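S.K.: Protein chains in written order, with full-length UniProt numbering: chain A, 1 to 217; chain B, 1 to 220; chain C, 1 to 240. Ideal placement from N, C-alpha and C gives every residue a C-beta, glycine not left out. Please read these numbers as outputs of a predicted model, since none were measured by experiment.
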Amino acid sequence: MFFDSSLSWNDILFLLDGAIVTIAITLASVALGTILGVLFGLVRAGALWWISWPLGGALDIFRSVPLLIQLVLFNSFNSMFRLHWSPYVIACICLGIYTAAFCTELVRSGVLAVPPATRRAARSLGMSWWQEVVSITLPMATRIVFPSWIGLSLGVMKDTSLVLWIGIIELLRSSQIITSRVQEPLLILTITGLIYFLMSFPIARLGAHLERRWQIQ
Amino acid sequence: MSYTFQWRPVLRSLPEMLWGASVTLEIAIMAMSVGTALAILLALAKRSNLKILSRLAGIWIEVARNTPALFQIYWIYFGLGSLGIGIEPYSALVFGITFNNAGYLAETFRGGFSAVPEAQIRAARSLGMGAVPTLWHIVLPQMLRVTFPALTNQMVWSILMTSLGAVVGLTSDLTGVTQQLNVVTYRTFEYFFVSACLYYVMSKICTIFARLLAWRLFRY
Amino acid sequence: MIQIEDVHKHFGPLHVLKGVSLSVEKGEVLSMIGGSGSGKSTMLMCINGLEAIEKGRISVDGVEVHAKSTDINRLRRKIGIVFQQWNAFPHLTVLENVMLAPRKVLRKSRHEAEEIAIEQLRHVGLGEKLKSFPSRLSGGQQQRMAIARALAMSPDYMLFDEVTSALDPQLVGEVLDTLRMLSHEGMTMIVVTHEMRFAREVSDRVAFFCKGQIHELGTPDQIFESPERPETIDFLRSAI
Ligand SMILES: Nc1ncnc2c1ncn2[C@@H]1O[C@H](COP(=O)(O)OP(=O)(O)OP(=O)(O)O)[C@@H](O)[C@H]1O
Ligand SMILES: [Mg+2]
């Protein structure tokens, strides 16, 4: 079937190039989103209500509006402010903030799950707030939320497919480009799906495994 | 900044956009209700002793969860189209979201099943209740309570996912209508900003409604 | 020397400490006894600066604990505290639990911190458990680890808050032995405890807390043999 069709090895390579773009955007967005998420999450968990609530409300907007619309809006800043940013930058910032919106609540729940008595014990040894957070709260919270964080990252990976709308040629868009030439949509889409599946499934399994293992302990 | 906002034309098109929002809700509700029903079947199939049945359910669940929703919609729209099964963007979107919902919710329900103690099922069966009445009267109500937050989330997701219809050329839902107006006027920011607000309101109404419902339903 | 002068503290409307005054000399072992909710734990937390006070003053070696200008983290190095719940850091091994503060707070090298930690863990009889995770230890062992963790900062004062209350009866002895050992070594200690026999045996003085005040203060013989206040008599009757 492979060789009957006019699908060539080059086409597969083209798809894999798209997959690399998908992975690159995912890594950049997840990195940005996690850094912001940890900062915001600490604020959400620790700050006074009049800082924590507005921040939570603002981030909730990014979780309640379709990502596609967010991308279009971000992209329109380009022409509005004459920014000349590349679509890649826009995609990573937009997806990064979107990731941060989810990551913040993850971090918050993780931090709140660390027993206050344990945190107090650390402070009683003379650690500063920051030392305590870095060596006790964040490591403990990480174990609690790591499986969910993997889920979040995989979600972002799947959501990167939307950036084709602002003109980035990632995995899904590559498959469309090939289809327009080869005219075998079902075959090409199935291969594309397989690539997505191979990128996501093993990591998802690892996450589920860790979740089970850490629950037992 | 040399950009001047023009909100008037957007406000004039508001009725059109609201109409689009109603289509969005219609799609989301349809995909959610059918998706939930399918998810229960999938969760049951996954537990079944019949190898093929549980294998097939497993494939459905894993594909739905491990590939992008947009990919699933593409596959239905372009893939089935190429098989000679002509399909509208509207149906492709509904089927796509339903497929996706079913996969995610099946996982939720699988967890929900294990939250109902085996002993209760045995107790119900020992009273002479059949398998289906036991499922309907004993298992599902308890499961609903455990899985309700996840169901609410999935409903919000469904609303947000409908925006993907525009990518396969749907013009009647909120994003589709907005895109149509945008193509004519090029007031991208204004139109999509209003559209974002409408999505936000829909998501919030959905969450608030779910909260009220949960409060009414789970008083025990 | 720890000096406490007329300390008041509220939790919301609840007046928990109603003018506590007390001083503890270097090398002294002071036990605090008293009913549940009388404010003993709160008093210890105030000494360590983990809780704020509203009135009065607490000073440790002449440094006022609650003064704005005091570097509280620095002061806390002098004062070790061990709680009823041992609060092990679950993601670190026993050795790492004890090494953490010397490294982060005292800025010791890894090697030095390890030496200190091993010494203290041997001291409390946990030399064999260095690489275990806390979840693998018994309650008594975890509590001794918490003591070693505080000792690793070489504090001048140790505060113990009902360190045996959460333990199974057969594990109480090993932790009390550790405290006994410390008192023989001349450590200055404030021990909140419900173990009356132990309090009587190791203390130089005993303070009886009731409703946020020290009702009676004296040598163990005074308090246990010839208490003067009716509240003390009632409490001791019900406690023994
Ligand atoms: N963080 C807090 N917020 C509000 N109230 C508190 C807090 N901590 C303690 N309390 C209250 O303060 C009072 C004194 O508590 P404290 O823990 O000091 O008593 P205690 O003498 O240690 O009692 P126990 O022997 O039960 O440990 C109690 O009534 C308690 O409910
Ligand atoms: Mg107490």
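1. Any heavy atom of ligand 2 inside 7 Å of the beta-carbon of SER69(C)?
2. Are the C-beta of ALA204(A) and some C-beta of chain B separated by less than 8 Å?
3. Could you tell me which chain C residues have their CB closer than 8 Å to the CB of THR137(A), listed as they occur along the chain?
4. Name, please, each residue of chain B whose Cβ falls closer than 8 Å to the Cβ of GLY193(A).
5. Under the three-state reduction of DSSP, which class applies to GLN213(C): helix, strand or coil?
6. So who's on the other strand from HIS8(C), going by DSSP bridges?
7. List the residues that DSSP assigns as beta-bridge partners of LEU30(C).
8. Taking C-beta pairs closer than 7 Å, name the residues in chain A that LYS104(C) reaches, listed in chain order.
9. Determine the burial state of SER203(B): buried for a count of at least 16 other Cβ atoms within 10 Å of its Cβ, exposed for fewer.
10. Have a look at the DSSP bridge pairing and note the partners of ASP161(C).
11. Name the one or two DSSP bridge partners that GLY218(C) has.
12. On the three-pair Cβ rule with 8 Å, is the stretch 113-130 of chain C touching the stretch 156-167 of chain C?
13. Just the chain B side, please: which residues come within less than 8 Å of THR179(A) by C-beta, in chain order?
14. Closest by CA to LYS104(C), which one among ALA122(A), SER76(A), ASN78(A)?
15. On the DSSP bridge list, what partners appear for GLN180(B)?
16. Determine the DSSP secondary structure at GLY86(B), reduced to helix, strand or coil.
17. Report the start-end ranges of each alpha helix (DSSP H) in the stretch 28-61 of chain A that is 4 residues or longer and not cut off at the edges.
18. Starting from the beta carbon of residue 225(B), find every residue of chain A whose beta carbon is closer than 7 Å, and list them in chain order.
19. Put VAL60(C) into one of helix, strand or coil per three-state DSSP.
20. Could you check whether the stretch 127-135 of chain A touches the stretch 85-101 of chain A, counting it as contact only if at least three pairs of C-beta atoms, one from each stretch, sit closer than 8 Å?
21. Closer than 7 Å, Cβ to any Cβ of chain A: which residues of the stretch 134-154 of chain B, in chain order?
22. Pull every residue with its beta-carbon under 5 Å away from any heavy atom of ligand 1, and keep them in chain order.
23. Among residues of its own chain, excluding the 5 on either side of THR34(A), which ones have a beta-carbon nearer than 6 Å to its beta-carbon?
24. Distance, Cα to Cα, PHE40(A) vs VAL111(A)?
25. Could you work out which residue in GLU185(C), PRO220(C), LEU92(C), ARG229(C) is closest to LYS26(C) when comparing CA atoms only?
26. Quick check: the Cα distance between LEU217(C) and GLN120(C), rounded to an integer number of angstroms?
27. Alpha carbon to alpha carbon, how far is LEU194(A) from LEU38(B)?
28. Can a CB atom of chain B be found closer than 8 Å to the CB of TYR196(A)?
29. Please name the residue, chosen from GLN213(C), ALA207(C), GLY56(C), ASP168(C), that lies closest to PRO220(C) on a Cα-to-Cα basis.
30. Taking just the CA atoms, how far does GLY112(B) sit from ILE144(B)?
31. Does PHE14(A) come within less than 8 Å of chain B when only Cβ atoms are used?
32. Mark GLY173(C) as exposed unless 16 or more other C-beta atoms lie within 10 angstroms of its C-beta, in which case mark it buried.
33. Taking DSSP as the reference, what is the three-state secondary structure of GLN6(B)?
34. Are ASN48(C) and SER124(A) closer than 8 Å when you measure CB to CB?
35. From the DSSP output, which residues share a beta bridge with GLY80(C)?
36. Strictly below 7 Å CB to CB, what residues from chain B border LEU189(A)?
M.R.: Well, looking at it:
1. What you label residue 69(C) is simply residue 69 of the third sequence in a count that begins at 1. Every heavy atom of ligand 2 is 7 Å or more from the Cβ of SER69(C), so no.
2. Counted from its first residue, the first sequence places residue 204(A) at position 204. True, the Cβ-Cβ gap to chain B drops below 8 Å.
3. For the purposes of this step, residue 137(A) is identified with residue 137 of the first sequence, where counting begins at 1. Against THR137(A), chain C offers no close residue; the least beta-carbon distance is about 10 Å (beta-carbon pairs closer than 8 Å).
4. Here residue 193(A) is taken as the residue at index 193 of the first sequence, counted from 1. In chain order: VAL63, THR67, PHE71, TRP75.
5. As a working mapping, residue 213(C) is identified with position 213 in the third sequence. Of the three classes helix, strand and coil, the one that applies to GLN213(C) here is strand, per DSSP.
6. Looking up residue 8(C) in the third sequence gives position 8. According to DSSP, HIS8(C) bridges with LYS18(C), LYS55(C).
7. The residue you call residue 30(C) lines up with position 30 of the third sequence. DSSP lists ILE190(C), ARG205(C) as partners of LEU30(C).
8. As a position in the third sequence, residue 104(C) is number 104, starting the count at 1. By Cβ distance, chain A contributes MET127, GLN131, SER135.
9. In the second sequence, the residue the question calls residue 203(B) occupies position 203. Burial call: buried.
10. Position 161 of the third sequence, counted from the start, is the residue given in the question as residue 161(C). Bridge partners of ASP161(C): VAL192(C).
11. For the purposes of this step, residue 218(C) is taken as the residue at position 218 of the third sequence. Beta-bridge analysis with DSSP links GLY218(C) to VAL206(C).
12. They do not touch, by the three-pair rule.
13. Stepping through the first sequence from its first residue, residue 179(A) is reached at position 179. Correct list: PHE78.
14. Taking the first residue of the third sequence as 1, we reach residue 104(C) at position 104. Looking at ALA122(A), SER76(A), ASN78(A), the one whose alpha-carbon comes closest to that of LYS104(C) is ALA122(A).
15. One-based indexing of the second sequence puts residue 180(B) at position 180. Answer is none; GLN180(B) lacks a bridge partner.
16. Locating residue 86(B) in the second sequence gives position 86, counting from the first residue. Residue state, collapsed to three classes: coil.
17. Taken in chain order, the complete alpha helix (DSSP H) segments of 4 or more residues contained in the stretch 28-61 of chain A number zero; there are none.
18. No answer is possible for residue 225(B): it lies beyond the span of chain B, which begins at 1 and ends at 220.
19. Counting from one through the third sequence, the residue named residue 60(C) turns up at place 60. In this structure, VAL60(C) counts as strand in the three-state DSSP scheme.
20. Verdict: no, contact absent.
21. Residues of the stretch 134-154 of chain B with a C-beta less than 7 Å from any C-beta of chain A: none at all.
22. So the residues near ligand 1 by this Cβ test are PHE11(C), VAL16(C), SER36(C), GLY37(C), SER38(C), GLY39(C), LYS40(C), SER41(C), THR42(C).
23. Stepping through the first sequence from its first residue, residue 34(A) is reached at position 34. Excluding sequence positions up to five before and after THR34(A), its CB lies within less than 6 Å of the CB of CYS103, all in the same chain and listed in chain order.
24. In the first sequence, counting from the first residue as 1, residue 40(A) sits at position 40. In the first sequence, counting from the first residue as 1, residue 111(A) sits at position 111. In a straight line, the C-alpha of PHE40(A) is about 12 Å away from that of VAL111(A).
25. Walking along the third sequence from the start, residue 26(C) turns up at place 26. For the residues GLU185(C), PRO220(C), LEU92(C), ARG229(C), the minimum Cα distance to LYS26(C) belongs to GLU185(C).
26. Counting from one through the third sequence, the residue named residue 217(C) turns up at place 217. Counting from one through the third sequence, the residue named residue 120(C) turns up at place 120. CA-CA distance, LEU217(C) to GLN120(C), rounds to 33 Å.
27. Residue numbering aside, residue 194(A) sits at position 194 when the first sequence is read from its first letter. Residue numbering aside, residue 38(B) sits at position 38 when the second sequence is read from its first letter. In a straight line, the C-alpha of LEU194(A) is about 24 Å away from that of LEU38(B).
28. Position 196 of the first sequence, counted from the start, is the residue given in the question as residue 196(A). Closer than 8 Å to the CB of TYR196(A) there is at least one CB belonging to chain B.
29. Taking the first residue of the third sequence as position 1, residue 220(C) is located at position 220. Checking every option, the nearest Cα to that of PRO220(C) belongs to ALA207(C).
30. Counting from one through the second sequence, the residue named residue 144(B) turns up at place 144. Counting from one through the second sequence, the residue named residue 112(B) turns up at place 112. First, the residue type needs correcting, since residue 144(B) is Leu and not Ile in the sequence shown. Looking at the backbone, the Cα of LEU144(B) and that of GLY112(B) are separated by about 8 Å.
31. The count along the first sequence starts at 1 and reaches residue 14(A) at position 14. So, not an interface residue.
32. On the third sequence, position 173 is the one that residue 173(C) refers to. When all chains shown are included, GLY173(C) counts as exposed.
33. Taking the first residue of the second sequence as position 1, residue 6(B) is located at position 6. If DSSP states are grouped into helix, strand and coil, GLN6(B) belongs with coil.
34. Translated into positions along the third sequence, residue 48(C) becomes position 48. Translated into positions along the first sequence, residue 124(A) becomes position 124. Closer than 8 Å, so yes.
35. Residue 80(C) sits at position 80 when you count from the first residue of the third sequence. According to DSSP, GLY80(C) bridges with MET158(C).
36. Counted from its first residue, the first sequence places residue 189(A) at position 189. When 7 Å is used as the limit between beta carbons, LEU189(A) is near these residues of chain B: TYR74, TRP75, PHE78, GLY79, in chain order.
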